[in-house]
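In our numbering, the protein residues as written are 1212 to 1441. Even for Gly, the Cβ is constructed at its ideal location relative to N, Cα and C. Treat the numbers as computed from the prediction; the structure is a model and nothing was measured. Here's the structure we're looking at; comments come further down.
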Ligand SMILES: [Cu+2]
């Protein structure tokens, strides 16, 4: 009987309409812009193309692309993670995408489109590290069990770099080329909004979400001297 009452009660909670809010914002960098390092591919030119562009700080009118934004804090612990499958490809000797964000519990699928070998190597803190010699047509999948910021590189091609950000819940976003991000359907409450970028470092902001749109903008003024990975 108790179980039945409990089950009915839980259902009522789940069924009750939850008013949700939206977080919108943009990320700007107004500091000194470093000269991009274009990597020459040398003997791999035929497969990789002669040069690989620098993706470590992509700016357009000071707006920053590839910044990952997510919710943390006490209230965020109640937020659900909806895991999925997220793919990173090794294509023309670069990782695509350069930054990949996924919620905790998701599957990371690694592919290769190249006719040459790569050796993918991840530098994780709380997930199992990956260090695999990748032959053409190979693939590999691993569950990312814990929140983490993971640097990825190739042991055969020094210029190949990517980042995988595993967020603690599904309330995350990544900035587009206009520096804008949006996180929808956020249950009202107090959270910490965290932003991370590979060259700018990280910042947190305490926010309170109501039923409407909350605007949160970030302005980085200098590069991170030593980018914290977490
Ligand atoms: Cu490689």
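Going by C-alpha to C-alpha distance, which of the options sits closest to residue i?
i	options	result
residue 1306	1363, 1409, 1357, 1412	1363
residue 1277	1426, 1389, 1398	1389
residue 1247	1310, 1410, 1423	1410
residue 1396	1282, 1240, 1360, 1331	1282
residue 1455	1379, 1280, 1289, 1333	With the chain covering only 1212 through 1441, there is no way to say anything about residue 1455.
residue 1326	1295, 1268, 1294, 1301	1301
What is the DSSP secondary structure of residue i, reduced to helix, strand or coil?
i	result
residue 1365	strand
residue 1392	strand
residue 1253	helix
residue 1305	strand
residue 1244	coil
residue 1271	strand
residue 1258	helix
residue 1374	strand
residue 1288	helix
residue 1432	coil
residue 1230	coil
Starting from the C-beta of residue i, find all residues in its chain whose C-beta is less than 6 Å away, skip the five residues before and the five after it, and write them out in chain order.
i	result
residue 1391	1237
residue 1310	1277, 1374
residue 1350	1322
residue 1372	1364
Decide if residue i is buried, meaning its Cβ has at least 16 other Cβ atoms within 10 Å, or exposed.
i	result
residue 1384	buried
residue 1382	buried
residue 1245	exposed
residue 1431	buried
residue 1231	exposed
residue 1339	exposed
residue 1348	exposed
residue 1429	buried
Ignore the nearest five residues each way along the sequence and tell me which others in residue i's own chain have a CB closer than 8 Å to its CB.
i	result
residue 1418	1234, 1401, 1402, 1403, 1404, 1425, 1427
How far does the beta strand (DSSP E) with residue i in it extend, from its first residue to its last?
i	result
residue 1425	1424–1426
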